[in-house]
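Under the numbering used here, the first residue of the sequence shown carries the number 1267, and numbering increases by one thereafter.
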Amino acid sequence: MDIVALLVSILALLFSIVQFARDSSRKKKESTLNAYNALQYDTFEKLNKYVDMSTIEYQSDAWEKITICLAQIENFSVGINTGIYSLKILNRLGGAFFIRQFEKLMPVIKLKREKNVSPGSHYDEFEKTVEMLRKRR
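Below, the structure is given as structure tokens:
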């Protein structure tokens, strides 16, 4: 009888672990979907107004708006790179678009890195996310 009780307990533990893993995975996917959706409306929609980033002047009004958008993208990228959000889901949602946005923003990113007003790396998390997406594709 003790062996049966032990087996039932072990099976219940295994079932709980599997359920926990599934729930965690689902929440991660859901949070990625929600965060990316917010990024689309709060950031990418604003960036679509700018066609040629190489014409953006340093510290202009457009520069400030684009810098805010880049900060939001960097924040999302930190979530991807630390595992809070799912790279796989990002890739399926809009991996190619995300990569194109990085390429489009590269003139501003390069200028920001050259000016290096605030010490440290600029948009390295965004770049790392793009590199991982390129490897997946």
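Here a beta-carbon is modelled for each residue, glycine too, at the ideal position from N, C-alpha and C. Treat the numbers as computed from the prediction; the structure is a model and nothing was measured.
Boundaries (first-last residue) of the alpha helix (DSSP H) holding residue i
| i | result |
| --- | --- |
| VAL1284 | 1268 to 1305 |
| ARG1358 | 1353 to 1381 |
| MET1398 | 1390 to 1402 |
| GLN1338 | 1327 to 1347 |
Residue j beta carbon less than 8 Å from that of residue i
| i | j | result |
| --- | --- | --- |
| TYR1324 | LEU1371 | no |
| SER1384 | LYS1295 | no |
| ASP1318 | GLN1338 | no |
| LEU1399 | ILE1365 | yes |
Residue i to residue j span [Cα, whole Å]
| i | j | result |
| --- | --- | --- |
| ALA1301 | LEU1336 | 15 Å |
| LYS1354 | SER1326 | 36 Å |
| GLN1255 | PHE1363 | Look at the range of the chain in this structure, 1267 to 1403, and you will see that residue 1255 is not part of it. |
| ILE1283 | GLU1380 | 49 Å |
| LYS1315 | ALA1328 | 10 Å |
| SER1387 | ARG1292 | 33 Å |
| ALA1304 | ASN1347 | 18 Å |
| LEU1273 | LEU1299 | 39 Å |
| ILE1322 | ARG1403 | 30 Å |
| GLU1311 | ASN1382 | 27 Å |
beta-carbon residue i near the ligand SAM non-hydrogen atom, thresh 7 Å
| i | result |
| --- | --- |
| THR1395 | Judged by which ligands are present, the structure shown has none, so any question about the ligand SAM falls away. |
Reference residue i, options the options, closest by Cα
| i | options | result |
| --- | --- | --- |
| GLU1369 | ALA1328, LEU1313 and GLN1306 | LEU1313 |
| SER1297 | GLY1349, ILE1269 and MET1267 | GLY1349 |
| THR1395 | ALA1304, MET1267 and GLN1367 | GLN1367 |
Count Cβ pairs between the region 1379 to 1391 and the region 1349 to 1363 that sit closer than 8 Å; are there 3 or more?
no
Evaluate contact between the region 1329 to 1348 and the region 1269 to 1279, counting only Cβ atoms and requiring at least three cross-stretch pairs below 8 Å.
Counting Cβ pairs under 8 Å, fewer than three are found: no touch.
Mind the definition here: the region 1337 to 1346 touches the region 1284 to 1292 only if three or more C-beta pairs lie below 8 Å; say whether that holds.
no
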